[in-house]
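Here is the structure we will look at, set down as structure tokens.
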Ligand SMILES: [Zn+2]
Ligand SMILES: [Zn+2]
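Numbering (this note's numbering), first residue to last: 101 to 515.
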């Protein structure tokens with residue numbers, strides 16, 4: 101993973117606070133305030149160049165995209181298969197400057213700063229939009245051996261930011277504004293033409309982290325992207341840009357030696373869909389109906405931990421099929437080993453169309469996924485027990501296993 105840090109100024113005391121490029125919780129050690137920073141629609145950063153007299157800095161925009169590509173292929177025998185790819189890349193946001201990558205190891209260590217008015221230099225306006233990059237990546241996974249037709253593709257981004265990188269022109273060559281190295285021998289004319297008057301504005305809102313009910317400070321819930329008000333005894337989660345109630349539950353009853361994996365349990369209203377309970381197999385599935393007025397309220401489970409996209413979708417499917425098979429109790433598992441949650445609910449909900457389609461036995465009418473509306477009615481976090489066995493975790497009830505090698509953030513694994 102590409103880990104970049106950013107430096108913000110504390111909205112209360114103006115001290116420098118350093119946090120991850122995609123983090124939203126700003127915790128100031130000076131004044132002890134805690135603030136949510138909410139970008140609109142994504143963060144815009146720049147890297148400060150090395151100061152040099154008489155040099156005109158030009159800032160070139162780059163996208164940093166992290167996400168999963170899902171592509172549904174209808175094979176020639178009319179069966180469906182799903183191709184996935186995990187993506188974490190920085191790429192130019194202007195077409196003519198796609199041939200160089202200034203992000204070396206040394207520059208990746210420099211902290212990013214949010215774009216603000218008054219920065220010396222010229223900014224190149226991004227030519228490639230996020231939807232452009234999205235569709236480009238969705239189509240680019242086409243590997244060898246694909247003989248079918250792509251019926252659905254999406255890049256589900258977990259994080260996006262725009263980063264302006266400083267360069268300057270000397271003797272008609274483009275130089276890196278941080279390392280002073282030559283970036284391109286090509287004439288810099290193309291770049292000059294793009295220097296229209298562009299002033300980037302980074303829009304973000306700072307919201308003090310207070311309980312929406314009583315106004316007191318909120319605490320983090322241990323090892324989860326959740327906040328807790330000790331006074332109101334409620335948990336909250338950031339859903340869209342709003343602190344929303346979230347309840348916690350865990351499933352017990354299988355003795356020791358268990359690892360508890362966090363899942364977002366989303367209570368949804370699905371329109372145009374029916375639920376079918378298979379009592380004999382202790383599972384359930386969904387079915388498309390032609391009546392778009394039909395609706396069902398049901399819970400689907402999406403992993404709250406980062407695994408490779410194919411396993412992510414399989415886990416969501418296996419646990420959702422089987423949900424209701426176990427008894428749940430409110431709260432976190434007591435003194436148990438939990439895998440930390442590192443996927444936000446905002447990210448988890450993006451997989452829902454694909455998940456609903458899978459649970460509905462992949463009907464051929466793929467495009468009609470978009471007609472079936474999905475509304476989140478309630479958010480829960482459910483800790484589901486897995487048994488560790490060699491290099492995998494096994495969920496006994498649903499007979500489903502997750503290979504440990506599928507974890508994307510291995511530093512988060514339970515020891
Ligand atoms: Zn402060
Ligand atoms: Zn409260």
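Beta carbons: idealized from backbone N, C-alpha and C, even for Gly.
**Item:** Separation of residue 357 from residue 350, as counted between CA atoms
**Value:** 15 angstroms
**Message:** Please tell me whether, using a cut-off of 7 angstroms, the distance from the CB of residue 112 to the nearest non-hydrogen atom of ligand 1 is below it.
**Reply:** yes
**Request:** Could you check if residue 206 is buried or exposed, using at least 16 other CB atoms within 10 Å of its CB as the buried criterion?
**Result:** Classification of residue 206: exposed, given that the 10 Å Cβ count is below 16.
**Item:** Proximity test, residue 103 beta-carbon vs ligand 2 heavy atom, cut-off 7 angstroms
**Value:** No - ligand 2 has no heavy atom lying nearer than 7 angstroms to the Cβ of residue 103.
**Prompt:** Who are the Cβ neighbours of residue 306 in its own chain at under 7 angstroms, not counting the five residues just before and after it?
**Reply:** 111, 135 and 137
**Rounded Cβ spacing between residue 403 and residue 184 (contact assumed at less than 8 angstroms)** = Contact flag wrong, Cβ pair sits at about 14 angstroms.
**Message:** Rounding to the nearest angstrom, what Cα-Cα distance links residue 202 and residue 210 in this structure?
**Reply:** Pairing residue 202 with residue 210, the inter-Cα distance amounts to about 13 angstroms.
**Request:** Report the option in 260, 153, 131 and 140 whose CA atom is closest to the CA atom of residue 163.
**Result:** That would be 260, whose Cα lies nearest to the Cα of residue 163.
**Request:** Just tell me which of 412, 226 and 120 has its CA closest to the CA of residue 195.
**Result:** Closest option to residue 195, Cα to Cα, is 226.
**Prompt:** Quick one, which of 361, 457, 372 and 161 has its alpha-carbon nearest residue 501's?
**Reply:** Nearest Cα to residue 501 within the set 361, 457, 372 and 161: 361.
**Request:** State yes or no: is the C-beta of residue 455 within less than 8 angstroms of the C-beta of residue 392?
**Result:** Not closer than 8 angstroms, so no.
**Request:** Run the proximity test for residue 181: is its beta-carbon closer than 7 angstroms to any non-hydrogen atom belonging to ligand 1?
**Result:** Residue 181: no, Cβ never under 7 angstroms from ligand 1.
**Message:** Below 7 angstroms, is the gap between the Cβ of residue 235 and the nearest heavy atom of ligand 1?
**Reply:** The answer is no for residue 235.
**Prompt:** For residue 378, which residues does DSSP report across the bridge?
**Reply:** 383
**Request:** Assign residue 378 to one of two classes, buried (16 or more other C-beta atoms within 10 Å of its C-beta) or exposed (fewer than that).
**Result:** exposed
**Request:** State yes or no: is the C-beta of residue 304 within less than 8 angstroms of the C-beta of residue 140?
**Result:** Inclusion of residue 304 and residue 140 in the CB contact set at 8 angstroms is warranted, their separation being smaller than that value.
**Buried or exposed by the 16-neighbour rule on C-beta atoms within 10 Å, applied to residue 515** = Reliability of the predicted coordinates at residue 515 is poor, the pLDDT of 36 falling under 50, and no value is obtained from them.
**Request:** Kindly examine ligand 2 and report whether one of its heavy atoms sits closer than 7 angstroms to the Cβ of residue 331.
**Result:** yes
**Asked** Which runs of the beta strand (DSSP E) spanning at least 3 residues fall entirely within the region 303–360, listed in chain order?
**Response** Segments of the beta strand (DSSP E) lying fully in the region 303–360: 304–308, 327–329, 334–339 and 342–351.
**residue 168, enclosing beta strand (DSSP E) - first and last residue** = Its beta strand (DSSP E) spans residues 158–174.
**Request:** Locate the alpha helix (DSSP H) running through residue 458, then write down its first and last residues.
**Result:** 452–459
**Asked** If we ignore side chains and look at the alpha-carbon of each, how far apart do residue 513 and residue 490 end up?
**Response** Only weak support exists for where residue 513 lies, its pLDDT of 47 falling under 50; the value from the coordinates is given anyway. Pairing residue 513 with residue 490, the inter-Cα distance amounts to about 14 angstroms.
**Prompt:** Looking only at C-alpha atoms, which of 494, 179, 509 and 371 sits nearest to residue 397?
**Reply:** 371
**Prompt:** Which residues does DSSP pair with residue 369 in a beta bridge?
**Reply:** 397 and 475
**Alpha-carbon spacing of residue 234 relative to residue 281, whole angstroms** = 31 angstroms
**Prompt:** Just curious, the alpha helix (DSSP H) that residue 262 is in, first and last residue?
**Reply:** Looking at the DSSP string, residue 262 is not in any alpha helix (DSSP H); the run it does join, the beta strand (DSSP E), is 249–270.
**Asked** Skipping 5 residues on each side, what residues in its chain have a beta carbon closer than 7 angstroms to that of residue 174?
**Response** 180, 248, 249 and 251
**Prompt:** Per the contact definition of three or more C-beta pairs closer than 8 angstroms, is the region 468–487 in contact with the region 264–282?
**Reply:** no
**Prompt:** So, using beta-carbon positions, are residue 444 and residue 325 closer together than 8 angstroms?
**Reply:** yes
**Message:** Which residues does DSSP list as the beta-bridge partners of residue 275?
**Reply:** According to DSSP, residue 275 shares a beta bridge with 268 and 282.
**Prompt:** What residue does the beta strand (DSSP E) around residue 492 start on, and which one ends it?
**Reply:** 492–495
**Request:** Express the C-alpha separation of residue 191 and residue 330 in angstroms, rounding to a whole number.
**Result:** 44 angstroms
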